[in-house]
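Asker: So that you can map any letter, position 480 of the sequence shown is 480 in the UniProt record's numbering, and since no number is skipped, the others follow by simple counting.
Just so it is clear, CB atoms sit at the ideal spot from N, CA and C, and this is done for glycine as well.
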Amino acid sequence: QFLRQRQRRAYQIFEETKQGHLERECVEERCSKEEAREVFENDPETEYFYLKYLGCIQKYGCVHNLPNQCSPDPCHKEGTVKCEDLKGDFYCECKRGWQGKTCEKDIDECRAQNGGCNQLCLNSLGSYRCSCYSGYALKDGKRCEDIDECTASADICGEAHCKNLISSYECVCDAGYKYDDMRKTCQDINECEEKLCEQTCVNSPGSYTCHCDGRGGVKLSRDMNTCENIIPCVPFAVGKSIKSLYLGRMFSGTPVIRLRFKRKQLTRLVAEFDFRTFDPEGILFFAGGHQDSTWVVLALRKGRLELQLKYNGIGRVTSSGPLINHGMWQTISVEELERSLVIKVNRDAVMKIAVSADLFTLDKGLYQLNLTVGGIPFKTKDLILPINPRLDGCMRAWNWLNGEDTTIQETIKMNEKMQCFSVAGRGSFYPGRGFAVFNLTYVQPSSGNDTKTSWEIEVNAAIQPATDTGVLFALVTEEASVPLSLSLIDYHSTKKLKQQFIIMALENTVVSRLAINLCDKKEHSVDIFLKKDHLSLRVDGIAGESELSISELEDSLSVLESSLHSTVNTYVGGLPDVPVTSTPVTASYHGCMTIKLNNKALDLDEALYKHSDITSHSCPPVE
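1. For ASP155, which option in ARG143, GLY141, GLU170 and CYS144 has the closest C-alpha, if you only look at C-alpha atoms?
2. Starting from LYS33, follow the alpha helix (DSSP H) in both directions and report where the run begins and ends.
3. If you reduce the DSSP assignment to three classes, tell me which class LYS452 lands in.
4. Using 8 Å as the threshold, is the segment 377-390 in touch with the segment 549-569, meaning 3 or more CB pairs across them?
5. Which class does ARG183 belong to by DSSP, given the choice of helix, strand or coil?
6. Note the first and the last residue of the continuous beta strand (DSSP E) segment covering LEU300.
7. Which same chain residues end up closer than 8 Å to ALA461 when comparing Cβ atoms and leaving out the 5 residues on each side of it in sequence?
8. Examine the Cβ distances between the segment 415-424 and the segment 508-527 and report whether three or more of them are shorter than 8 Å.
9. Could you tell me which residues DSSP puts in a beta bridge with ILE502?
10. Helix, strand or coil for PHE2 per DSSP?
11. For the segment 544-578, list the alpha helix (DSSP H) runs that are entirely contained and at least 4 residues long, ordered along the chain.
12. Would LEU369 be called buried (16 or more neighbouring beta carbons within 10 Å of its own) or exposed?
13. Please list the segments of the beta strand (DSSP E) lying wholly inside the segment 343-424, counting only runs of 3 or more residues, in order along the chain.
14. By Cβ distance below 7 Å, which residues in the same chain neighbour ASN325 in space, the five residues on each side in sequence not counted?
15. Taking the beta strand (DSSP E) that THR151 belongs to, which residues open and close that run?
16. Given 7 Å as the limit, tell me if ARG129 has its C-beta closer than that to any heavy atom belonging to the ligand ZN.
17. Starting from MET593, trace the beta strand (DSSP E) in both directions and tell me its first and last residue.
18. Given this structure, state the Cα-to-Cα distance separating SER288 from THR361, to the nearest angstrom.
19. What residue from GLU306, LYS87, PRO255 and CYS56 has the CA that sits closest to residue 632's CA?
20. Just how far apart, CA to CA, sit HIS290 and VAL476?
21. Answer yes or no: do TYR589 and TYR430 have a C-beta to C-beta separation smaller than 8 Å?
22. Do three or more CB pairs link the segment 507-523 to the segment 541-548 at distances below 8 Å?
23. Would you report the Cα separation of SER153 and CYS121, rounded to the nearest angstrom?
24. In this structure, what does DSSP give as the bridge partners for ALA462?
25. Have a look at PRO74, VAL585 and LEU604 and flag the residue whose alpha-carbon is nearest the alpha-carbon of GLY216.
26. Would you identify the three-state DSSP class for ASN312, choosing helix, strand or coil?
27. Can you look up ILE107 in the DSSP assignment and give me helix, strand or coil?
28. From this set, ALA160, VAL81 and CYS197, which residue's C-alpha is nearest LYS184's C-alpha?
29. CB GLY282 to CB ALA466, shorter than 8 Å?
30. Hey, how far is the Cα of GLN12 from the Cα of LYS101?
31. Do three or more CB pairs link the segment 211-227 to the segment 182-198 at distances below 8 Å?
32. Can you tell me whether THR200 is helix, strand or coil according to DSSP?
33. Just tell me which of ASP392, LEU484, LEU220 and ARG538 has its CA closest to the CA of SER562.
34. So GLU416 and LYS240 are supposed to be a Cβ contact under 8 Å. How far apart are they, rounded?
35. According to DSSP, simplified to helix, strand and coil, what is ASN114?
36. Under DSSP, the beta strand (DSSP E) around PHE90 begins and ends at which residues?
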């Protein structure tokens with residue numbers, strides 16, 4: 001009992017390291033105090049032990065009669081394999097992962113080199129185990145390998161693309177879409193809610209498009225979100241002469257100049273001026289009294305001078321002389337003689353007409369004459385032979401009644417719109433504002449018993465652009481939709497790419513395009529052809545790229561055909577007030593252009609309306 005009590009003292013002297021000596025020296029045989037001293041190696045413990053030791057010998061006779069030290073079991077049950085009685089002491093044989101006198105202490109294997117684990121080491125009582133972070137799998141009990149979730153579960157991302165990552169994965173949608181974790185679907189991002197566009201934004205599946213109102217003179221800038229001014233990339237010689245008079249300023253056909261002469265004595269008409277035009281038809285001037293009195297109209301028809309004369313209710317029309325709509329300056333004169341009118345071109349008489357009445361008429365004691373330039377003072381239907389009065393022509397060095405017209409020159413100096421281009425060539429010039437509109441039909445009636453109608457649209461244009469953005473040709477319905485348009489544009493809306501193109505669009509969808517340098521100062525031919533099951537775009541003989549599948553093309557052409565059977569107007573050089581999203585381009589064309597529709601040259605003088613700044617038959621050259 002003494003030995004058992006001793007081993008439980010706080011300063012227990014029967015340490016395991018001394019058991020072998022104690023048993024050999026003092027248990028198996030009786031030991032002397034000196035032998036005990038060899039065991040304890042100090043006097044205090046030796047004195048304490050030996051006194052008790054002698055008492056034990058006297059009481060029991062020997063230490064062989066000590067009770068079993070393993071009963072009751074002093075060892076920690078969970079950590080011990082077995083308890084061994086050491087005759088006055090005990091020994092606990094510990095399980096793997098346990099240590100201590102009674103095997104009560106767990107060994108933390110994770111403290112030494114992380115237990116040999118590749119990632120996580122998890123200690124437990126008497127043991128440990130290796131573990132891995134999320135997204136990894138344990139191999140051979142120690143090593144962690146990345147799990148390829150995309151391979152392990154093919155439907156893990158639903159309709160999105162699965163992208164394996166280190167320790168994880170990501171569900172990726174195409175650009176313009178975001179992933180919905182709950183539905184495992186890709187949802188369109190409405191970029192327009194983010195206020196990315198400066199003006200108008202149109203969201204589309206997976207993308208968006210910004211629109212700038214071209215009628216305000218702006219287009220999309222390089223960032224494809226903001227707007228910038230449309231600036232000419234090719235300079236035209238648009239300088240004007242203050243000593244010239246432009247006859248085509250008033251599209252209504254009303255005169256650009258009105259003069260009234262009054263004389264006390266009978267006076268005869270004398271008029272002379274230099275003239276230049278490419279226009280085959282129009283009115284130069286009117287001279288005479290009111291509609292039912294005597295008057296003359298000098299005009300141009302089919303490129304030749306024409307004189308309409310009316311006196312005493314009788315009308316005459318005479319046409320003669322050379323073609324003068326060749327664009328070169330020539331001098332024209334009209335002189336009223338006693339009983340005739342003489343018209344000369346470059347001093348050569350081309351017409352001499354007998355007249356039995358005077359152009360000046362007596363009214364209230366004065367001889368009076370009305371003279372209008374570029375139009376007549378009454379409706380053209382009241383002419384002897386109706387004519388289109390609009391004349392894109394230019395006058396200079398005029399002389400009305402021997403120079404008594406100095407006020408005209410002062411008026412022209414103050415108004416640039418009354419002046420002509422200093423230099424001009426053939427073509428129509430579009431200044432980047434306005435348009436011309438026509439009422440044309442493209443549907444051909446059925447023949448015989450065939451109730452089906454056919455239609456086709458052929459446009460042939462020769463263009464020399466000043467800018468890279470603008471509408472060349474378009475059809476517009478009464479509902480302000482644009483079923484067909486042909487335009488210049490400087491970006492690719494789907495690729496978000498800045499590049500110059502000529503495009504053909506059905507409504508707001510580009511169906512064909514061709515990349516081209518629009519700022520090369522050259523003239524380009526642009527041809528489109530459309531019918532029930534076909535469309536084509538060619539620029540300088542090169543075919544454009546189609547952007548629709550066959551089924552999409554058929555659907556789009558069907559919509560166009562429906563529009564052609566309703567009311568559509570043909571616009572050239574620009575568009576009316578239509579929604580900015582109804583067609584890819586809304587800006588007006590800037591530059592020179594001649595155009596044919598279904599093999600017929602389009603004469604802007606015959607339009608329902610034309611902006612007054614568009615010149616119908618003359619175009620300044622490129623600088």
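Answerer: With the structure as the only source:
1. Taking the first residue of the sequence shown as position 1, residue 155 is located at position 155. Of ARG143, GLY141, GLU170 and CYS144, the residue nearest in Cα terms is GLU170.
2. Looking up residue 33 in the sequence shown gives position 33. Residues 33-40.
3. Position 452 of the sequence shown, counted from the start, is the residue given in the question as residue 452. Coil, per DSSP.
4. no
5. The sequence position of residue 183 within the sequence shown is 183, counting from 1. ARG183 falls in the coil class under three-state DSSP.
6. Counting from one through the sequence shown, the residue named residue 300 turns up at place 300. First-last of the beta strand (DSSP E) with LEU300: 295-301.
7. The residue labelled residue 461 in the question sits at position 461 within the sequence shown. Excluding sequence neighbours, ALA461 sits near LEU472, PHE473, LEU486, SER525, VAL526, ASP527, MET593, THR594, ILE595 and LYS596.
8. no
9. Reading the sequence shown from its first residue, position 502 is the one you call residue 502. Its beta-bridge partners are LEU488 and LEU514.
10. Taking the sequence shown and counting its residues from 1, one reaches residue 2 at position 2. The predicted model places PHE2 with a pLDDT of 42, which falls under 50 and marks its position as unreliable; any figure quoted below should be read in that light. Here PHE2 sits in helix by DSSP.
11. 550-564
12. Numbered from 1 along the sequence shown, position 369 holds the residue referred to as residue 369. Buried.
13. 348-354, 361-363, 366-373 and 393-400
14. On the sequence shown, residue 325 is found 325 positions in, with the first residue counted as 1. Contacts found: THR277, PHE278, ASP279, PRO280, LEU300 and GLY303.
15. What you label residue 151 is simply residue 151 of the sequence shown in a count that begins at 1. THR151 -> not in any beta strand (DSSP E); alpha helix (DSSP H) instead, spanning 149-152.
16. Looking at this structure, you won't find the ligand ZN or any other ligand, since it has none at all.
17. For the purposes of this step, residue 593 is identified with residue 593 of the sequence shown, where counting begins at 1. Counting along the chain, the beta strand (DSSP E) containing MET593 begins and ends at 590-597.
18. To locate residue 288, count along the sequence shown from 1; it is residue 288. To locate residue 361, count along the sequence shown from 1; it is residue 361. A small fix is needed here, since residue 288 is Gly in this sequence, not Ser. Going from the Cα of GLY288 to the Cα of THR361 covers about 8 Å.
19. This structure leaves residue 632 out entirely; the chain is present only between 1 and 623.
20. Stepping through the sequence shown from its first residue, residue 290 is reached at position 290. Stepping through the sequence shown from its first residue, residue 476 is reached at position 476. HIS290 and VAL476: Cα-Cα distance of roughly 42 Å.
21. Your numbering for residue 589 matches position 589 in the sequence shown. Your numbering for residue 430 matches position 430 in the sequence shown. Their beta carbons are under 8 Å apart, which means TYR589 touches TYR430 by this criterion.
22. yes
23. Reading the sequence shown from its first residue, position 153 is the one you call residue 153. Reading the sequence shown from its first residue, position 121 is the one you call residue 121. Straight-line Cα distance between these residues: approximately 28 Å.
24. For the purposes of this step, residue 462 is identified with residue 462 of the sequence shown, where counting begins at 1. Paired residues: SER525 and THR594.
25. Mapped onto the sequence shown, residue 216 falls at position 216. Residue VAL585 is the option with its Cα nearest to GLY216.
26. By 1-based counting over the sequence shown, the position of residue 312 is 312. If DSSP states are grouped into helix, strand and coil, ASN312 belongs with coil.
27. For this step, residue 107 is matched to residue 107 along the sequence shown. It is coil, neither helix nor strand.
28. Here residue 184 refers to the residue found at position 184 of the sequence shown. The residue with the shortest Cα to Cα distance from LYS184 is ALA160.
29. Working through the sequence shown from its first residue, we reach residue 282 at position 282. Working through the sequence shown from its first residue, we reach residue 466 at position 466. Cβ atoms of GLY282 and ALA466: not closer than 8 Å.
30. Sequence index remark: in the sequence shown, residue 12 carries index 12 (1-based). Sequence index remark: in the sequence shown, residue 101 carries index 101 (1-based). Low confidence applies to GLN12: its pLDDT is 41, below 50, so where it sits in the model is not reliable, and the reading given next is rough at best. So the alpha carbons of these two residues sit roughly 12 Å apart.
31. yes
32. In the sequence shown, residue 200 corresponds to position 200, counting from 1. Correct three-state label for THR200: strand.
33. As a position in the sequence shown, residue 562 is number 562, starting the count at 1. SER562 has its Cα closest to that of LEU484, out of ASP392, LEU484, LEU220 and ARG538.
34. Here residue 416 refers to the residue found at position 416 when the sequence shown is read from its first residue. Here residue 240 refers to the residue found at position 240 when the sequence shown is read from its first residue. Confirmed, Cβ separation roughly 6 Å.
35. Position 114 of the sequence shown, counting from 1, holds the residue named residue 114. Helix.
36. Within the sequence shown, residue 90 is the residue found at index 90, counting from 1. Run containing PHE90: 90-94, per the beta strand (DSSP E) assignment.
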